[in-house]
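Residue numbers (our numbering): 703 to 961.
Positions of the beta carbon are idealized from the N, C-alpha and C atoms, including for glycine.
Quick caveat, the model's predicted, so the values are computed rather than measured.
Here is the structure we will look at, set down as structure tokens.
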Ligand code: PGA
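Now the structure itself:
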């Protein structure tokens with residue numbers, strides 16, 4: 703099970719470092735097979751990385767550019783992220799699609815670039831409220847994945863995570879309703895079939911994980927992580943408080959406190 707904390711643009715340096723220190727202290731003994739990834743802002747990555755040494759936490763970025771190097775003022779290269787200690791990179795988050803007009807084609811190039819720099823892409827897909835109301839959910843998932851992943855090859859050491867994040871269920875920007883486990887299982891199955899179409903069943907089994915994100919908290923996480931198709935969660939708001947995020951991890955496996 704993988705737990706990815708998306709800290710968005712919500713914390714400055716001191717809050718980020720304090721939260722990181724608390725998490726590394728309190729998550730020393732994670733069960734085998736449990737991975738925890740924290741994704742601070744770009745600027746805070748290099749300050750967070752040294753704190754993770756010797757801990758069970760791994761580092762992720764919230765985005766990257768689609769080239770490794772060049773005249774791209776203001777952009778951040780996946781190669782830089784890898785050199786600064788990142789193993790994961792969130793790509794195609796709905797907030798970037800909405801506020802920065804990111805397209806599926808751009809996200810495709812980012813996925814390729816991330817893999818070329820040995821990063822694990824965490825590809826976010828999901829329909830918005832209108833698309834859901836118009837029964838377009840499956841079409842949206844198919845289109846987003848086909849464009850983002852067409853022609854992508856996963857090498858021997860590559861790995862990829864697909865995060866189903868229905869836009870309407872995200873705590874900020876959503877419409878205040880939570881996804882039901884049935885809806886998430888259904889979407890997860892659709893995603894699973896698209897992955898099989900694109901990469902084959904063996905690649906799905908060995909290299910691709912499907913996770914859920916959207917208002918996940920300690921009270922609902924188990925309902926999602928117990929779904930057969932889901933192997934982790936992408937957590938925004940509930941990852942900003944150490945106690946709550948630790949509870950999310952504990953509750954996901956139905957266990958008690960992880961400390
Ligand atoms: P949320 O954010 O958990 O606050 O809904 C999830 C996300 O946007 O990745």
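| Item | Value |
| --- | --- |
| Can you check whether the CB of residue 726 is closer than 8 Å to the CB of residue 753? | yes |
| Given a cut-off of 8 Å on the beta-carbon distance, is the pair residue 866 and residue 921 in contact? | no |
| Please name the residue in 903, 891, 825 whose C-alpha comes closest to that of residue 810. | 825 |
| Going by the C-beta, is residue 872 closer than 7 Å to any heavy atom of ligand 1? | yes |
| Using CA coordinates, which residue listed in 765, 883, 889 is at the minimum distance from residue 791? | 765 |
| So, under 8 Å CB-CB, residue 757 and residue 767 are touching, yes? Tell me the CB distance rounded to an integer number of Å. | The pair is not a contact, with the Cβ atoms about 28 Å apart (cut-off 8 Å). |
| One question on the structure: do residue 762 and residue 739 come within less than 8 Å of each other, judged by their Cβ atoms? | yes |
| Have a look at 908, 873, 926, 715 and flag the residue whose alpha-carbon is nearest the alpha-carbon of residue 859. | 908 |
| Counting only the same chain and skipping the five closest in sequence on each side, list residues whose C-beta sits under 7 Å from that of residue 894. | 906, 912, 931 |
| Quick check on the DSSP output: what are the complete alpha helix (DSSP H) runs of length 4 or more inside the region 863-921, in order along the chain? | 883-901, 903-909 |
| Alpha carbons only, please: which of 902, 955, 903 is nearest the one belonging to residue 923? | 955 |
| Note down, one range per segment and in chain order, each beta strand (DSSP E) of at least 3 residues found wholly within the region 814-854. | 822-827 |
| Between residue 890 and residue 929, is the Cβ-Cβ spacing less than 8 Å? | yes |
| How close, in whole Å, do the beta carbons of residue 815 and residue 770 come, if the pair is a contact with beta carbons under 8 Å? | 6 Å |
| Need the endpoints of the alpha helix (DSSP H) that residue 674 sits in, please. | There is no way to answer for residue 674, as the model of the chain reaches only from 703 to 961. |
| Who are the near neighbours of residue 777 in its chain, counting only those whose CB is closer than 7 Å to its CB and skipping five residues on each side? | 767 |
| Which of the three DSSP states, helix, strand or coil, is assigned to residue 778? | coil |
| Could you tell me how far apart the beta carbons of residue 719 and residue 749 are, in whole angstroms, since I believe they sit closer than 8 Å? | 6 Å |
| On the DSSP bridge assignment, give the partners of residue 708 in chain order. | 741 |
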